[in-house]
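Per mature numbering (1 follows the signal peptide of the UniProt record, and there is no 0), the sequence shown runs over residues -23 to -1, 1 to 252. Note that the Cβ used here is the ideal one computed from N, Cα and C, for glycine as well. Quantities reported herein were computed from a predicted structural model and do not represent experimental measurements.
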Amino acid sequence: MKYTWNQLSVVITVAFLSTALFTACQDTDYPDPQPATGPSTNQARFLFVNAAPGVPALNFFIENNQVGQSLQFGQSASAYAPAQAGSIQLRARAASGQIGGVLGSNDIVYRAGATNQNNFSANANTSYTVFVTDTLNRPRPTTTNATNLGGPQFVVVTDTLTAPAANTARVRVFNFAPDVSPVSIRLVNPTTNQGAATFLNRAYSNVSGQNLRYSNVPAGNYTVQVYTQATIPSEVSSPASTTTNVTLAGGKIYTIYAAGLLRNRSLSVGTVQHN
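Following this line, the structure appears as structure tokens:
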């Protein structure tokens, strides 16, 4: 077919505009999927936990690759997911529909600071647990130029995975209950009704200092009590939450965390097994 010069100009212009529009509509927020293909010595590992009350089931992504199964509130992944060390995007989205609340249809994306969108900087040969925390309606921060959208957010914790002795469990404790701070947690032997270990003064979402330290406890079955204060009362006092039949196996490493909401009586504990 022959074209006049004017007709040819129209065809070229339309083709150019189509290409430009297609490019502008492409999703540039997320990287192309990049599976961990390098040597294991240059890899980090991530274990995901949904600890945000009211948040729907979530799918988790590393560098735009979905890892593991969707997790309901209180659930943790069954295994660590590998990723190349370096700058890594961590993301969670609703398994069905949208997250809602302040985020609406937006995903949960790790941000390294209040005013930037930097990815997580993962060290080689390091294991991390990634908790989704907070509530659907956490307000957007008022920091100037804040990139944090409010709502649920990630808290990333470095794990130490040196296994304890065969008759001992290793435990650390965090507080991810958004409407109560601090909490204190006691592990009680249900047979003797005696406290086996106490973890005091856990401020909300504080995953530094003494809260990162593990304690060794005898392996066994425990009742976990949560008190909404900095200490465990010496007199007879009812805990704000009691969870029974929490098994801590010998040679295993655990994170126990307070979760849920005190105001609607859903305060509880979650348990993550790391090995």
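- Taking all protein chains in view, the Cβ of Asn144 is surrounded by fewer than 16 other Cβ atoms within 10 Å, so the residue is classified as exposed.
- Gly78 sits in coil when the DSSP states are folded into three classes, being neither helix nor strand.
- In this structure, the CA atom of Thr169 is about 24 angstroms from the CA atom of Tyr191.
- For the pair Thr106 and Phe23, the CB atoms are nearer than the 9 angstroms cut-off.
- For the pair Ser245 and Leu189, the Cα-to-Cα distance works out to about 20 angstroms.
- By the neighbour-count criterion, in which 16 or more other beta carbons inside 10 Å mark a residue as buried, Pro116 falls on the exposed side.
- Assignment of Gly228 by DSSP, reduced to helix, strand and coil, places it in the coil class.
- DSSP, reduced to helix, strand and coil, places Leu138 outside both helices and strands of the structure shown, so it counts as coil.
- In terms of CA proximity to Val201, Phe176 leads the group Asn36, Gly127, Ala207, Phe176.
- The alpha-carbon of Pro216 is positioned some 8 angstroms away from that of Thr205.
- With three or more CB-CB distances shorter than 8 angstroms, the region 108 to 124 counts as touching the region 144 to 160.
- In the DSSP annotation of this structure, Thr18 is not part of any beta strand (DSSP E), being labelled neither H nor E.
- Contact fails between the region 77 to 96 and the region 41 to 58, because fewer than three Cβ pairs, one in each stretch, are under 8 angstroms apart.
- The beta-carbon distance between Ala21 and Ala60, rounded to whole angstroms, is 6 angstroms. This is short enough to meet the 8 angstroms contact definition.
- Around the Cβ of Pro30, a 10 Å sphere holds 16 or more other Cβ atoms; the residue is buried.
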